[in-house]
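By the working numbering, the letter at position 59 of the sequence shown is numbered 60, and the numbering carries on one by one without gaps.
Down below is the structure, laid out as structure tokens.
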Amino acid sequence: AQVWDAYRYNAENNLPLEPNVQRDGEDLLLYSRPIGLHSATCLRCHGTVGKDLKKEEFAALRAAYPAMDSLSGYTSGQPIGIWNLLYQKSGLAARVKAK
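Here's what the structure looks like:
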């Protein structure tokens, strides 16, 4: 939740949205990357009603996906989600080198 809040803060303040690696305990690393809306195609479902998608299109999406309210109203470049990968730190360098 803290990483997601940081990405949202950066977006609201026009700061870069970049991948992040941090410790999670003694032996874990957390890799995070924001999922942003960068195309008109994404905004056709997740954009602003009346601007990026028609009211009737939104109504159809909302009928099919009841939680749609929380997934619309975004603008281009805003983060809508986050990818998280949790790695075990011990042996990670050896596994990467082997590939």
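Just so it is clear, CB atoms sit at the ideal spot from N, CA and C, and this is done for glycine as well.
With fewer than 16 other CB atoms across the displayed protein chains lying within 10 angstroms of its CB, S71 is exposed. Put simply, of S33, D6, E58 and E13 the residue whose alpha carbon is nearest the alpha carbon of R45 is E58. Within its own chain, the residues whose Cβ lies closer than 7 Å to the Cβ of H39, once the five positions on either side in sequence are excluded, are S77 and G78, listed in chain order. With 16 or more neighbouring CB atoms inside 10 Å of its own CB, D53 falls in the buried class. Secondary structure note for Q23: it is in no alpha helix (DSSP H), and the uninterrupted beta strand (DSSP E) holding it is N21 to R24. Per DSSP, Q3 is one residue of the alpha helix (DSSP H) stretching across Q3 to E13. The Cβ atoms of L86 and Y8 do not sit closer than 8 Å to each other.
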